Amino acid sequence: MKKSIFIIAGILSLTYADAQVSFGKMQNMIPRSKEGLNVFDVKKDDVPFDGLSVDVGGAFAMQFQGLNSFNDQKEGAYTLPNGATIYGAAGTTGYRLNNLGNNFNLPAANFTLGAQLADGVRVNLDIYLSSRHHNETWVKGGYLQIDKLDFIKKGFMEDIMKYTTIKIGQMENNYGDSHFRRTDNGNALLNPFIEANIMDSFETEMGMEVYYNRDGLVSMVGITNGKLNQGVAEFVPSAATPTAPDPNTTVSPTILAKLGYDKQLNQDLRVRITGSYNHNANMSANPWGSDRAGSRYFGVMSHQAYTYDSNGNAPGGDNVQANNFDPAANATTGRFSPGYANWYTAFMINPFIKYKGLEFFGTLEFTSGGDKKGTDDSRSVDQYAADLVYRFGPTNQFYVGARYNIVSGELSGAPQKVDVERFETSAGWFMTKNIIAKLAYTNQNYSKYSQFSGNSLNDLYGGSFNGLMFEAAITF
Numbered sequence: 095m096k097k098s099i100f101i102i103a104g105i106l107s108l109t110y111a112d113a114q115v116s117f118g119k120m121q122n123m124i125p126r127s128k129e130g131l132n133v134f135d136v137k138k139d140d141v142p143f144d145g146l147s148v149d150v151g152g153a154f155a156m157q158f159q160g161l162n163s164f165n166d167q168k169e170g171a172y173t174l175p176n177g178a179t180i181y182g183a184a185g186t187t188g189y190r191l192n193n194l195g196n197n198f199n200l201p202a203a204n205f206t207l208g209a210q211l212a213d214g215v216r217v218n219l220d221i222y223l224s225s226r227h228h229n230e231t232w233v234k235g236g237y238l239q240i241d242k243l244d245f246i247k248k249g250f251m252e253d254i255m256k257y258t259t260i261k262i263g264q265m266e267n268n269y270g271d272s273h274f275r276r277t278d279n280g281n282a283l284l285n286p287f288i289e290a291n292i293m294d295s296f297e298t299e300m301g302m303e304v305y306y307n308r309d310g311l312v313s314m315v316g317i318t319n320g321k322l323n324q325g326v327a328e329f330v331p332s333a334a335t336p337t338a339p340d341p342n343t344t345v346s347p348t349i350l351a352k353l354g355y356d357k358q359l360n361q362d363l364r365v366r367i368t369g370s371y372n373h374n375a376n377m378s379a380n381p382w383g384s385d386r387a388g389s390r391y392f393g394v395m396s397h398q399a400y401t402y403d404s405n406g407n408a409p410g411g412d413n414v415q416a417n418n419f420d421p422a423a424n425a426t427t428g429r430f431s432p433g434y435a436n437w438y439t440a441f442m443i444n445p446f447i448k449y450k451g452l453e454f455f456g457t458l459e460f461t462s463g464g465d466k467k468g469t470d471d472s473r474s475v476d477q478y479a480a481d482l483v484y485r486f487g488p489t490n491q492f493y494v495g496a497r498y499n500i501v502s503g504e505l506s507g508a509p510q511k512v513d514v515e516r517f518e519t520s521a522g523w524f525m526t527k528n529i530i531a532k533l534a535y536t537n538q539n540y541s542k543y544s545q546f547s548g549n550s551l552n553d554l555y556g557g558s559f560n561g562l563m564f565e566a567a568i569t570f
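Just so we're aligned: 419 in the working numbering is position 325 of the sequence shown, and the numbers increase by one with no gaps anywhere.
In structure tokens form, the structure reads like this:
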């Protein structure tokens, strides 16, 4: 936090050293206010360049959570696959899910710093000041956005750059359209619900994306180095084993692409549909488990500490399963990751239709991947989501909405496909274009999960959670 204060103080001092420095005159930037609703792509505008300008922004969100978790694990003695016995009698040695109180979660906060450096060239830096996954200050990423090449020569390739944008840096991968409607830590203004999709694709990697958007055409190609955590350390392959005789010897780049159509057909009707591609042949990071912030559903489907006895004796045994409630260590409760360990290929289709105040947004995601190079068959996980939102009021400041989301697929080592299903309803009020209040009800169910996970009881066996959540958020 102190570092952020020093940065702001340094920027403010520039205004005294150079009278040409201004604030807020930024080009081609998606608004962080209510005006940014349903803006999915980089945008071109006619904001003039008046010299160096600085952008300072932030976001803050807090939630009151009233959720309860359940599963089909019963009290009593269980025999594990390895012959050990778990005792579920009352007391410290018994298995049970954590009881969740009705109270406030850890508030989330973001800090954004940017600058217009030249005509058509700006830089952006995003920082998480507080998040579930990283309670400390953490840099999400930063990038350079180029909309003109006048720094090379006045008018250089202006006919092409009129429709082209180049982004370079450690930034959020533009895979699909769902991530434009998700909550990004403290920035919750553009999400009509409390959480993102069950299978939430969100990752920041070092790379470049090139956009070409013209007359309804939406297109993007990108490439990254495939690493969430940057570094130059030598890649040391895993030792070969009988089940994995051909381990990875490198980390491959991530390939991204998007193609679609987006048109305001008349004053009332807008139609958009995009298809996106995401592939890595030798992965280092998992796109469905790389969020630095974490989910909004704190502690759901987590267990208290319990013991089991590998010799089958009375309770008070020789092995302990720790309490896994910890919000930072277990930061993705309520979400699902396919857990691919070696490679993946993913496609996402997102239709969006807006007619007056009514909005429909859908997600069809098809993924496949493998866990050991060249030795195992690919498995697949698919996701379907649809939300309907109706906005009303003199400035569309009120809305009601509902979302249905299902994930179905194969987990590594699991005997059968599993399903996760969520239904969420929401109502919201934009008090101003920078302040929102939301109330949502969520009901999520897990089916076809095994009773045991390795030699532990599976928290998701017959699992479910439900309840109400309230969220208030400010973004500027």
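Just so it is clear, CB atoms sit at the ideal spot from N, CA and C, and this is done for glycine as well. In this text the structure is predicted, and so the values were computed from the model without any measurement.
* Cβ-Cβ distance between leucine 207 and phenylalanine 546 below 8 Å -> Using a Cβ distance threshold of 8 Å, leucine 207 and phenylalanine 546 do not count as a contacting pair.
* Do glycine 522 and tyrosine 498 have their CB atoms nearer than 8 Å? -> no
* With 16 other Cβ atoms within 10 Å as the buried cut-off, status of methionine 613 -> This structure gives no information on residue 613, because the portion of the chain shown stretches from 95 to 570.
* Asked: In the DSSP assignment, what residue or residues form a beta bridge with alanine 496?
  -> Leu482 and Thr519
* Asked: Shortest alpha-carbon distance to proline 331 belongs to which of Ser378, Lys248 and Val233?
  -> Ser378
* Give the straight-line distance between the Cα atoms of serine 346 and isoleucine 124, rounded to the nearest whole angstrom. => 31 Å
* Completely contained alpha helix (DSSP H) runs for the stretch 363-438, where each covers 4 or more residues -> none
* Asked: Below 8 Å, can you find three or more Cβ-Cβ pairs linking the stretch 448-461 to the stretch 411-430?
  -> With fewer than three CB-CB distances shorter than 8 Å, the stretch 448-461 does not count as touching the stretch 411-430.
* Between lysine 527 and glycine 151, what straight-line distance do the alpha-carbon atoms span, to the nearest angstrom? -> Computed Cα separation, rounded: 14 Å.
* To do: Determine, using beta carbons only, whether serine 163 and leucine 191 come nearer to each other than 8 Å.
  => yes
* **In DSSP terms, what tyrosine 237 is bridged to** => Asn218 and Gly263
* **Bridge-paired residues (DSSP) for valine 304** => Ile260 and Val315
* **Own chain, CB closer than 6 Å to alanine 440, minus 5 neighbours either side, in chain order** => Asn372 and Thr461
* Check the DSSP bridge columns for glycine 354 and list the partner residues they point to. => Val312 and Thr368
* To do: Could you tell me the boundaries of the alpha helix (DSSP H) in which isoleucine 254 lies?
  => 252-255
* Between glycine 495 and alanine 479, is the Cβ-Cβ spacing less than 8 Å? -> Annotated as distal: glycine 495 and alanine 479, with beta-carbon spacing of 8 Å or more.
* What residues match up with valine 512 in a beta bridge as DSSP calls it? -> Gly503
* Report back the beta-carbon spacing between aspartate 271 and asparagine 444 to the nearest angstrom; my notes put them in contact at under 8 Å. => 4 Å
* To do: Counting only the same chain and skipping the five closest in sequence on each side, list residues whose C-beta sits under 8 Å from that of alanine 416.
  => Ala399
* To the nearest angstrom, how far is it from the Cα of leucine 562 to the Cα of tyrosine 535? -> C-alpha separation (whole angstroms): 5 Å.
* Since glycine 433 and tyrosine 484 are thought to touch, with beta carbons under 8 Å apart, how far apart are those beta carbons, to the nearest angstrom? -> At roughly 37 Å, the Cβ-Cβ gap does not stay under 8 Å, so glycine 433 and tyrosine 484 are not in contact.
* Quick one: give me the first and last residue of the beta strand (DSSP E) that methionine 156 is part of. => 147-164
* Alpha carbon to alpha carbon, how far is aspartate 362 from leucine 551? Give it in angstroms, no decimals. => 53 Å
* Asked: Rounded C-beta distance between alanine 153 and threonine 489? I'm assuming under 8 Å.
  -> Rounded, the Cβ-Cβ distance is 21 Å, inconsistent with contact.
* Rounded distance between the beta-carbons of serine 472 and proline 509, thought under 8 Å -> With a Cβ gap of about 17 Å, proline 509 and serine 472 do not count as contacting.
* Would the beta-carbon of valine 501 fall within 8 Å of that of isoleucine 292? -> yes
* How close, in whole Å, do the beta carbons of glycine 540 and leucine 161 come, if the pair is a contact with beta carbons under 8 Å? -> Residue identity differs from the one stated: residue 540 is tyrosine in this sequence, not glycine. Actually they are not in contact, since the Cβ atoms of tyrosine 540 and leucine 161 sit about 14 Å apart, beyond 8 Å.
* First and last residue of the beta strand (DSSP E) that includes glycine 188? -> Run containing glycine 188: none; DSSP gives neither H nor E here.
* Asked: Tell me, which residues are paired with glycine 464 by DSSP?
  -> Beta bridge pairing from DSSP links glycine 464 with Trp437.
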